[in-house]
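Chemist: In numbering that gives the first Met the number 0, the protein residues as written are 0 to 358.
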Amino acid sequence: MSGGVDSSVAALLLHQEGYEVIGVTMKLYDIDQRGCCTIDDVEDARAVCRILGVPHYVLNVQREFRTFVIDYFQSEYESGRTPHPCIACNDKIKFSFLAQRAQLMNATHVATGHYARIVAGGSGAWELLRGVDAGKDQSYVLFGMRQDQLASTLMPIGHYPKDDIRRLASDANFPNADKPDSQDICFIPTGDYREFLRQRTDEHPGDIVDPAGNVLGQHEGIQYFTVGQRRGLGLSGGPPRFVIRLEPDTRQVVVGSEEQLYGDSFYADPVSWVSGVPPTGELSVTVKIRYKFAEAPATVTPVGSGAVVRFHNPQRAITPGQAAVFYQGDSVLGGGVIAGGIPPESPEPAVGRTAPAHA
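1. So R309 is in the beta strand (DSSP E); what residue range does that whole segment cover?
2. Report all residues from its chain with a CB closer than 8 Å to the CB of L97; omit the five preceding and five following residues, and keep chain order.
3. Taking only three categories from DSSP, how would you classify N59?
4. Residues bridged to F241 by DSSP?
5. In three-state terms, what does DSSP make of R250?
6. Less than 8 Å between the CB atoms is what I'm expecting for V336 and D263, so what's the real figure, rounded?
7. I think I156 touches D5, with their Cβ atoms under 8 Å apart; what is that distance to the nearest whole Å?
8. Using only alpha-carbon positions, find the residue among D90, G79, L282, Q327 that is nearest to T66.
9. State whether the stretch 314-326 contacts the stretch 286-303, with contact taken as three or more CB pairs (one from each stretch) at a distance under 8 Å.
10. In whole angstroms, give me the CA-to-CA distance for S74 and I50.
11. Give me the Cα-Cα distance between L167 and L128, rounded to the nearest whole angstrom.
12. Pick from L27, Y326, W272, G255: whose alpha carbon is nearest that of S1?
13. Checking the sheet assignment: what are the DSSP bridge partners for Y326?
14. Is the distance from the Cβ of L13 to the Cβ of L153 below 8 Å?
15. Applying the criterion that 16 or more other CB atoms from any shown protein chain within 10 Å of the CB defines a buried residue, is P304 buried or exposed?
16. R240 to P301, Cα distance in whole Å?
17. Can you tell me where the beta strand (DSSP E) holding D268 begins and where it ends?
18. Taking all protein chains shown into account, do 16 or more other C-beta atoms lie within 10 angstroms of the C-beta of E258, making it buried, or fewer, making it exposed?
19. Check L12 in the structure and name its three-state DSSP category.
20. Since I believe Q148 is in contact with F72 (beta carbons under 8 Å), could you give me their beta-carbon distance rounded to a whole number of angstroms?
21. Using C-beta distances below 6 Å, list every residue in its chain close to V331, excluding the 5 sequence neighbours before and after it, in chain order.
22. Verify whether the separation of the beta carbon atoms of G212 and V252 is less than 8 Å.
23. I'd like to confirm the pairing. Which residues does DSSP put opposite D206 in its beta bridges?
24. Pick out whichever of C48, V214, I117 has its Cα sitting closest to the Cα of L234.
25. Starting from E126, trace the beta strand (DSSP E) both ways and give me its first and last residue.
26. Answer yes or no: do Y159 and V131 have a C-beta to C-beta separation smaller than 8 Å?
27. Out of curiosity, what's the CA-to-CA distance linking T353 and P278?
28. Under three-state DSSP, which class holds A150?
29. From Y56 to L103, what does the alpha carbon distance come to, in whole angstroms?
30. Buried or exposed: where does S7 fall if 16 or more other Cβ atoms within 10 Å of its Cβ makes it buried?
Shown next, in the form of structure tokens:
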């Protein structure tokens, strides 16, 4: 329970269904700073639990959060990749560490305030579906959940639109019914990730070059750049330029035209399949390559521990480090981390045939 309205109503709904609810707030970092899980947030969560008549605990997970989320975030940027810290938090903190602590408390499930749905599929496997509120859907950041995790997780608010969630909170006289949704990276409440990195990383200057290798300028460190970036390049004159690639080995930032930002294929590695079983061949799917991006039709083909993705039409700013998530309708089939270009040993795309979703 972060202190927000979503996790509070998740507790409310489960309490009304007859579950024995235990409220848990995780202390992720220095709890008096701005962001989520501040002292005020803890008090909001505690107040909700008091209204529901259920116990509330605060778990200190600062060490785990720093190791698996903050240090990962920093390391990825230093390596020329653009991470998604919420995915790391879900994978390593909520559905790993917190789930282990839940077992010690004799709890059968971990419940969260995610806008997504977990349902039993016809084959007996659990399925992960989008939330019914398309504008709030969070299935993208949950693609890495395994079958055992889905079986022991509840996401009750995924079946409701956001307006209904606020109405339920108001009807229950929750103090956070009108509390604004969090927007920033929780451990960077100012939203300025470059300043956050500047305070925590060593700067290794390098060249800003065009695709032909011509030097156009210098930079202070590749950790301050991401694919698709236009502002803050320090280049004057000429046509608009965008970051189209980062070269960590040479510390080069490669810039080009907006047209050069587009690509039609990439390799994702590692890849996780929600069913626990990778398909045997090429799949027709839609793929989302950033949280707020629209999905695009593509094929995905398992290769080694990863998968090759080929879009029907070129997509803008395919960014190493970001997640690529595979959908069929409302169902999340799986996803992986964008690694870069297609390996040379990858099979050629099949023509006119695709494998079933759950081979």
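A virtual CB, placed ideally from N, CA and C, is assigned to each residue, including glycine.
Since we're looking at a predicted model, the values are computed, not measured.
Modeler: Taking the definition as stated:
1. 305-315
2. V23, M25, L58, V60, V109
3. strand
4. G255
5. coil
6. Their Cβ separation, rounded to whole angstroms, is 19 Å, which puts V336 and D263 out of contact at 8 Å.
7. 6 Å
8. D90
9. yes
10. 42 Å
11. 23 Å
12. L27
13. T285, V331
14. yes
15. First, the amino acid is wrong: residue 304 is Ser here, not Pro. Exposed: under 16 other Cβ atoms inside 10 Å.
16. 34 Å
17. 261-272
18. exposed
19. helix
20. In fact, because the Cβ distance is near 22 Å, the residues do not count as touching under 8 Å.
21. L127, S138, F142, V273
22. no
23. Q217
24. V214
25. 125-129
26. yes
27. Summary for T353: the model assigns pLDDT 40, below 50, so the residue's position carries little reliability, and this model does not support an answer.
28. helix
29. 13 Å
30. buried
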